[in-house]
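Only one structure is covered here, and it is reproduced in the block below.
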Amino acid sequence: MTTSDRPRRRTAPREGADLGLFGPDSVTWRIHSDPAMAVAGYRALLLQATHPLVMAGFDDNSDFRQDPWGRLQRTGEWVATVTYGTTEQAERAGARLRRLHASLAPGVEPETGLSYRVDDPDLLRWVHCTEVDSFLTVYRRSGPRLSTADADRYVDEMRTSARLVGLDPATVPHDLAGLRTYLRDVRPQLRLTRVARRNVVFGFVPPMPGWVRLATPARPAWIGLMTLALALLPPWARRLYGLPGLPTTDVGAAGMSRMLRHAVLALPADWRRSPVEREARQRAAGTVPAAA
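What follows is the structure, given as structure tokens:
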């Protein structure tokens, strides 16, 4: 009998068990484990693309166009490790990311002529805040109830993630009001450059193996997912993309997001959870392989 075949027993978590940077009682675990995050991640990418310097840094230093699926997978693994990994795993992932960012050469955004560094705190702060806003917004619009107090708590918890990428936690919003103020204040800097438009179009129709494209519904399903993420952007961001910022779009997108979430929730929990999340929940529950 292999370890995976053995019956499992539930015990109290052992004293000193490492539950990571957040733990099962955090709002972060509650939000990040929800199926709505599949759409929220793509909304964050679309929102990040509206900052010219962030988009230039991404385009100059990312292998997204050569390996889009690998790039998306690595981003998902980063979020999962920071959320559910042990403290050591999360801190190690943060150190690797900071070293990578520091090693990248400065660049110039071609349309504005402005120079940038990937590890510029202003750019890191934009990426951080758009992720937090997207995860929180899509979660709430997909149906689950979340009080304002818990929304504030989530924004505050995510300052730990900001520290890992190299930001001073004191310089990022600690509550929902602060997050909204930040997003409002940065809007004059935003526009959709030619590079951003090209990459967004590519993101809607990334390359797929022929058999996947022809024998499965993967292509239309992917386009539908990205279209939903685009519809869930705030009205001002949709207008940057040349789309209407009508309230009817908000209502329709929220309805579709709820339907998608309920469909995914019908799947077994282990199918929906990454390996690192399953391991974290086992540590939290004190579940260990029984003796042979």
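Residue numbers in the sequence shown follow our numbering, run continuously in steps of one, and reach 1014 at the last position. Yeah, the Cβ is synthetic: ideal placement off N, Cα and C, and Gly gets one too.
1) Tell me, please, which residues DSSP counts as bridged to V830.
2) Restricting to Cα atoms, I'd like to know which of T808, R787 and R920 is closest to F744.
3) Within 10 angstroms of the Cβ of I753, are there 16 or more other Cβ atoms? Answer buried if so, exposed if not.
4) Which same chain residues, not among the five before or five after V917, have their C-beta less than 6 Å away from its C-beta?
5) Inspect the beta-carbon positions of A975 and L947 and report whether they are closer than 8 Å.
6) When the Cα atoms are used, what is the spatial distance from L982 to G888?
7) Using a 10 Å radius around the Cβ and a threshold of 16 neighbouring Cβ atoms, would you call N846 buried or exposed?
8) Provide the residue span of the alpha helix (DSSP H) that contains P843, from first to last.
9) Could you spell out the range, first to last residue, of the alpha helix (DSSP H) harbouring R787?
10) With V934 as the anchor, note down where its alpha helix (DSSP H) starts and where it stops.
11) Tell me which residue opens and which closes the alpha helix (DSSP H) that L962 is part of.
12) Quick check: the region 835–846 against the region 750–764, are at least 3 beta-carbon pairs closer than 8 Å?
13) If you run the structure through DSSP and keep just helix, strand and coil, what is R902?
14) Give me the Cβ distance between T805 and Q811, rounded to the nearest whole Å; I'm assuming they're in contact under 8 Å.
15) Taking only three categories from DSSP, how would you classify T805?
16) With the cut-off set at 8 Å, would you say L955 and L794 are in Cβ contact?
Here's the rundown:
1) Translated into positions along the sequence shown, residue 830 becomes position 108. Note: V830 sits in a beta bridge opposite S837.
2) Taking the first residue of the sequence shown as 1, we reach residue 744 at position 22. For F744, the nearest C-alpha among the options comes from T808.
3) For the purposes of this step, residue 753 is taken as the residue at position 31 of the sequence shown. The residue is buried, with at least 16 neighbouring Cβ atoms inside 10 Å.
4) Here residue 917 refers to the residue found at position 195 of the sequence shown. Result list for V917: M777 and D781, in chain order.
5) Residue numbering aside, residue 975 sits at position 253 when the sequence shown is read from its first letter. Residue numbering aside, residue 947 sits at position 225 when the sequence shown is read from its first letter. The answer is no: Cβ separation not under 8 Å.
6) Within the sequence shown, residue 982 is the residue found at index 260, counting from 1. Within the sequence shown, residue 888 is the residue found at index 166, counting from 1. C-alpha separation (whole angstroms): 34 Å.
7) Taking the sequence shown and counting its residues from 1, one reaches residue 846 at position 124. According to the sequence shown, residue 846 is Leu rather than Asn. It is buried - the Cβ of L846 has at least 16 other Cβ atoms within 10 Å.
8) Counting from 1 along the sequence shown, the entry for residue 843 is found at position 121. It spans P843 to R863 - the alpha helix (DSSP H) in which P843 sits, taken as one unbroken run.
9) Mapped onto the sequence shown, residue 787 falls at position 65. First-last for R787: undefined, no H or E at that position.
10) Position 212 of the sequence shown, counting from 1, holds the residue named residue 934. Start and end: G932 to A937.
11) Start at 1 with the first residue of the sequence shown, and residue 962 comes out as number 240. Taken as a continuous stretch (DSSP letters only), the alpha helix (DSSP H) holding L962 covers P957 to L962.
12) no
13) Taking the sequence shown and counting its residues from 1, one reaches residue 902 at position 180. DSSP places R902 in helix when its eight states are reduced to three.
14) Working through the sequence shown from its first residue, we reach residue 805 at position 83. Working through the sequence shown from its first residue, we reach residue 811 at position 89. Actually they do not touch by this definition, with Cβ atoms about 11 Å apart.
15) For this step, residue 805 is matched to residue 83 along the sequence shown. Here T805 sits in helix by DSSP.
16) As a working note, residue 955 is residue 233 in the sequence shown. As a working note, residue 794 is residue 72 in the sequence shown. Result no, Cβ atoms of L955 and L794 do not sit closer than 8 Å.
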